[in-house]
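Engineer: So the protein sequences, as listed, match chains W and G.
For the record, in the first sequence the residue sitting at position 32 is 32 according to my numbering, with numbers rising by one throughout.
For the record, in the second sequence the residue sitting at position 286 is 1286 according to my numbering, with numbers rising by one throughout.
Positions of the beta carbon are idealized from the N, C-alpha and C atoms, including for glycine.
2 protein chains.
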Amino acid sequence: MTNIRDVAKMAGVSVTTVSRVLNKHPYVSKEKKAVVLEAIKQSNYQQNINAVHLSMGKTFLVGVVVPFIDHPYFALLMKGIANEALENNYKLVFFQTNYEEAREVEAFQMLKQKQIDALIICSRISCWPTIEEYKPYGPIILCEDTRGRNMSSTFVDHYKSFIFALEYLYHKGHRKIGYTIGRKTGTNTRFREMAYKDFLNNHNLPYESDYIFEHYLHFEDGEQVIERIKQMANPPSALLVTGDEVAAGIVTSAHYRNISIPDDLAIIGFNNQPIAKMMNITTIEIPLVEIGRQLFLQAIQEGKDVTYQEIPIKLIERKTV
Amino acid sequence: MTNIRDVAKMAGVSVTTVSRVLNKHPYVSKEKKAVVLEAIKQSNYQQNINAVHLSMGKTFLVGVVVPFIDHPYFALLMKGIANEALENNYKLVFFQTNYEEAREVEAFQMLKQKQIDALIICSRISCWPTIEEYKPYGPIILCEDTRGRNMSSTFVDHYKSFIFALEYLYHKGHRKIGYTIGRKTGTNTRFREMAYKDFLNNHNLPYESDYIFEHYLHFEDGEQVIERIKQMANPPSALLVTGDEVAAGIVTSAHYRNISIPDDLAIIGFNNQPIAKMMNITTIEIPLVEIGRQLFLQAIQEGKDVTYQEIPIKLIERKTV
DNA sequence: TTGTACGCGTTATCAA
DNA sequence: TTGATAACGCGTACAA
Chain W
1 MTNIRDVAKM
11 AGVSVTTVSR
21 VLNKHPYVSK
31 EKKAVVLEAI
41 KQSNYQQNIN
51 AVHLSMGKTF
61 LVGVVVPFID
71 HPYFALLMKG
81 IANEALENNY
91 KLVFFQTNYE
101 EAREVEAFQM
111 LKQKQIDALI
121 ICSRISCWPT
131 IEEYKPYGPI
141 ILCEDTRGRN
151 MSSTFVDHYK
161 SFIFALEYLY
171 HKGHRKIGYT
181 IGRKTGTNTR
191 FREMAYKDFL
201 NNHNLPYESD
211 YIFEHYLHFE
221 DGEQVIERIK
231 QMANPPSALL
241 VTGDEVAAGI
251 VTSAHYRNIS
261 IPDDLAIIGF
271 NNQPIAKMMN
281 ITTIEIPLVE
291 IGRQLFLQAI
301 QEGKDVTYQE
311 IPIKLIERKT
321 V
Chain G
1001 MTNIRDVAKM
1011 AGVSVTTVSR
1021 VLNKHPYVSK
1031 EKKAVVLEAI
1041 KQSNYQQNIN
1051 AVHLSMGKTF
1061 LVGVVVPFID
1071 HPYFALLMKG
1081 IANEALENNY
1091 KLVFFQTNYE
1101 EAREVEAFQM
1111 LKQKQIDALI
1121 ICSRISCWPT
1131 IEEYKPYGPI
1141 ILCEDTRGRN
1151 MSSTFVDHYK
1161 SFIFALEYLY
1171 HKGHRKIGYT
1181 IGRKTGTNTR
1191 FREMAYKDFL
1201 NNHNLPYESD
1211 YIFEHYLHFE
1221 DGEQVIERIK
1231 QMANPPSALL
1241 VTGDEVAAGI
1251 VTSAHYRNIS
1261 IPDDLAIIGF
1271 NNQPIAKMMN
1281 ITTIEIPLVE
1291 IGRQLFLQAI
1301 QEGKDVTYQE
1311 IPIKLIERKT
1321 V
């Protein structure tokens, strides 16, 4: 492998001059530049980027943590992050954690070791003390409401959105409202849970634990939701479904099981994915690709100031309410 | 940032000894080891991994090229790759190319610059000369049939699978068979096209260009397939659908448009994703996660020998044929 | 406008 | 069993 010194020798100049040409610095004469360029071509020279990184203390690599990638929610976030990374000449290191803390810690370690310049966490399992421990080593950006904490984020106010959707159903006459959710824990889940309870309290509605459907993530999970509802003596009349895939699965299954939507069961999905449009599902639009973009921009933002970016949501009215 | 020299000074030993402790080399006395470990703890020392990379000429980073990630096919491959990377203490650099050649070249460049040890290409746009140009710089693994070429791969024999599925439909009495496909070009597409034409020839069946549906990738695309079929004077009686998502979309749309499946239209999906199970779709199982695993293993395989790994497929009979 | 010399943090070699 | 020192390849003060 030919290195910068070889090129310098070939061109009859110093390594500095070669480096300047490489990095497009000013103050290098046309003639020398030409010789250097020629030498580079002749030798098929290629910078060893690791040496650059060592020298600069920067890698132009940003880590992205997701629990799993085979779900539209994370795939869309990832897409947005990747698009913006490309624009800014950064590359991404992909961490699939499956919500195992040890895997998340590996990402933190890479930040500490300076192999990545920043870390974006799309969904986490680690607790705050852990995250704060690694904060000094580089920007850590979260995709959840971190207001009040010393940590940057791009997020949707899930409390507000949930209240909004619930009130919408209430005004449509629904009094027996439930919701489905992907995981039991997590900040977003907690905010939604709070919103749900506050909503019930405000309207003097009873809390039915049966109306909360946990661990539903994919299209095919919709079937089980319908199964459970079929067996209930006093089923909900409306469901907030946190994810259009699941909503689509519910609509499909309901159809086969002769549950009429929206008459027997009203559905509001989340995200406004293409599948929601095709199946005419009323949904709360969450611009995941755009959120991904913002997350990335925060990750490479200069300066140490913490920023919170709330992304507004929008109700898309279609045929399932 | 404290470095290895600081630690050495603190422990009263040489950097060599510290390095030995760090890398668990033999020939270091218990006492010195203890002192070093203590100094490491005291100083909160952390290796600078870039220096390690420079010194070793290796990064334990593998690149993964996908056109986009928001599709189950690539998400599942990625999942398998990521799982295996974790097992082997490698990290992944994620390249989303959107089938733009310039983006693919960036991945090749990183290989050349030694920022990644190997490159896995799940689907490509670049042509063979380009790939071969970068071959000397590190392992490049493809997810397509590369037999006859000097390039390693894990792949499904799509020619064979297509013939198999077509014959299956033929024996069920179908004579008007079409297929849907995600993209117009690409090795896998070409093999399928060849299989389709050979099948028609072998059975003296006419070639209807209408029966080939290009650019259908997602659930919501199923609607358009059904629309087109509705408008055909002489519609196909069976469809090979390269992707269960699209198959599910077709089944759903057909239901709403009063096309009976399998009576009016038989469907064979591909991949055997969970959605196919839920919707009772007959499908060709392709173990994408397992393919991902194998791709990764080939990427880090020692030695320069080229290997071809064919992954067998299996028909899962359900209710859409 | 150009070049020398040093620093980045680690591993590997070889002598002790 | 230990340590001094030479790579690794590049960027950049600083001097000229």
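Specify, as a first and last residue, the run of the beta strand (DSSP E) that Glu1214/G falls within.
Structural biologist: 1212-1214 is the span of the beta strand (DSSP E), which, as asked, contains Glu1214/G.
Engineer: Taking the alpha carbon of Gly1080/G as the point to measure from, which residue in Gly1292/G, Glu1144/G, Ala1299/G, Gln1298/G has its own alpha carbon closest?
Structural biologist: Measuring from the Cα of Gly1080/G, the nearest candidate turns out to be Gly1292/G.
Engineer: Pull the bridge partners of Ile268/W from the DSSP assignment, please.
Structural biologist: Note: Ile268/W sits in a beta bridge opposite Leu240/W.
Engineer: Is Asn1272/G buried or exposed, if buried means 16 or more other CB atoms sit within 10 Å of its CB?
Structural biologist: It is buried - the Cβ of Asn1272/G has at least 16 other Cβ atoms within 10 Å.
Engineer: Step through the CB atoms of chain G and report whether any lies within less than 9 Å of the CB of Pro26/W.
Structural biologist: No - not a single Cβ of chain G is within 9 Å of the one on Pro26/W.
Engineer: Kindly indicate if chain G contains any beta-carbon less than 9 Å away from that of Arg228/W.
Structural biologist: It does not; no Cβ of chain G falls within 9 Å.
Engineer: Can you confirm whether Pro206/W, when its beta carbon is compared against all beta carbons of chain G, has any partner nearer than 9 Å?
Structural biologist: Closer than 9 Å: no.
Engineer: At 9 Å on the CB atoms, spell out the chain G contacts of Val15/W, in chain order.
Structural biologist: The contacting residues do not exist; Val15/W stays about 16 Å from chain G at best.
Engineer: If contact means a Cβ-Cβ distance below 7 Å, which residues of the stretch 83-95 of chain W contact chain G?
Structural biologist: Within the stretch 83-95 of chain W, the qualifying residues are Leu86, Lys91, Leu92, Val93, Phe94.
Engineer: Could you give the DSSP three-state label for Ile286/W: helix, strand or coil?
Structural biologist: Ile286/W falls in the coil class under three-state DSSP.
Engineer: If we cut at 9 Å on Cβ distances, does Gln1115/G have a partner in chain W?
Structural biologist: Chain W contact via Cβ: present.
Engineer: For Glu1133/G, return the contacting residues in chain W, with the cut-off set at a CB-CB distance below 8 Å.
Structural biologist: Those within 8 Å of Glu1133/G in chain W number zero; the least Cβ separation is about 11 Å.
Engineer: So the candidates are Val1018/G, Glu1285/G, Arg1147/G; which of them puts its Cα closest to the Cα of Lys1041/G?
Structural biologist: Considering only alpha carbons, the answer is Val1018/G.
Engineer: Could you check what DSSP says for Arg1068/G in three-state terms: helix, strand or coil?
Structural biologist: Residue identity differs from the one stated: residue 1068/G is Phe in this sequence, not Arg. Phe1068/G falls in the coil class under three-state DSSP.
Engineer: Run through the DSSP bridge pairs and tell me what Gln309/W is partnered with.
Structural biologist: BP columns for Gln309/W point to Thr154/W.
Engineer: What do you reckon, are the CB atoms on Leu1217/G and His1071/G nearer than 9 Å?
Structural biologist: In contact: Leu1217/G and His1071/G (Cβ atoms closer than 9 Å).
Engineer: Quick check on the DSSP output: the alpha helix (DSSP H) that includes Ile131/W runs from which residue to which?
Structural biologist: Ile131/W -> alpha helix (DSSP H) spans 128-134.
Engineer: At least one CB of chain W closer than 9 Å to the CB of Phe1219/G: is that the case?
Structural biologist: Cβ-Cβ to chain W under 9 Å: yes for Phe1219/G.
Engineer: Hey, is Pro72/W's beta-carbon within less than 9 Å of any beta-carbon in chain G?
Structural biologist: Yes - at least one Cβ of chain G is within 9 Å of the one on Pro72/W.
Engineer: Nearest chain W C-beta to Phe1068/G closer than 9 Å, yes or no?
Structural biologist: Yes, its Cβ sits closer than 9 Å to a Cβ of chain W.
Engineer: What did DSSP end up calling Tyr1207/G once you bin it into helix, strand or coil?
Structural biologist: Coil, per DSSP.
Engineer: Any Cβ of chain W within less than 9 Å of the Cβ of Val1036/G?
Structural biologist: So, not an interface residue.
Engineer: Rounded to whole angstroms, how far is the Cβ of Ala195/W from the Cβ of Asp244/W, which I believe are closer than 8 Å?
Structural biologist: The pair is not a contact, with the Cβ atoms about 19 Å apart (cut-off 8 Å).
Engineer: Jot down the residue ranges of each uninterrupted alpha helix (DSSP H) in the stretch 59-114 of chain W, minimum 4 residues, whole runs only, in chain order.
Structural biologist: Taking only runs of at least 4 residues, the alpha helix (DSSP H) segments lying wholly in the stretch 59-114 of chain W are 72-87, 101-112.
Engineer: Taking the DSSP output, what are the residues bridged to Ile49/W?
Structural biologist: None, per the DSSP bridge assignment.
Engineer: Measuring CA to CA, which of Val321/W, Leu297/W, Arg318/W, Arg257/W is closest to Asn323/W?
Structural biologist: Outside the shown range of chain W (1 to 321) lies residue 323/W, about which nothing can therefore be said.
Engineer: Thinking C-alpha only, which one of Ala51/W, Trp128/W, Cys143/W, Phe213/W is nearest Glu290/W?
Structural biologist: Answer by Cα proximity: Cys143/W.
Engineer: So, for Ile1322/G: in the same chain, excluding its five sequence neighbours on each side, which residues have a beta-carbon less than 7 Å away from its beta-carbon?
Structural biologist: Past the edges of chain G, shown from 1001 to 1321, lies residue 1322/G, and the structure says nothing about it.
Engineer: In terms of DSSP beta bridges, what is Ile140/W paired with?
Structural biologist: For Ile140/W, which the question treats as bridged, DSSP gives the partners Leu119/W.
Engineer: Which residue wins for smallest C-alpha separation from Ala1238/G, given the options Gly1186/G, Ala1075/G, Tyr1211/G?
Structural biologist: Minimum Cα distance to Ala1238/G is reached at Tyr1211/G.
Engineer: I'd like to know if Gln1046/G contacts chain W, where contact means its C-beta is closer than 9 Å to some C-beta of that chain.
Structural biologist: So, interface residue.
Engineer: Indicate whether Ile1259/G and Ile1281/G have their beta-carbon atoms separated by less than 9 Å.
Structural biologist: No. Outside cutoff.
Engineer: Quick one: grab the DSSP three-state call for Leu1315/G.
Structural biologist: In the structure shown, Leu1315/G sits in a strand (DSSP, three-state: E or B).
Engineer: Within 10 Å of its beta-carbon, does Asn1044/G have 16 or more other beta-carbons around it, so buried, or fewer, so exposed?
Structural biologist: Exposed.
Engineer: Quick one: is His255/W near chain G, going by C-beta distance under 9 Å?
Structural biologist: Output row for His255/W: interface = yes.
Engineer: Give a yes or no on whether 9 Å exceeds the smallest Cβ distance from Met10/W to chain G.
Structural biologist: Not closer than 9 Å to any Cβ of chain G, the Cβ of Met10/W fails to qualify, so no.
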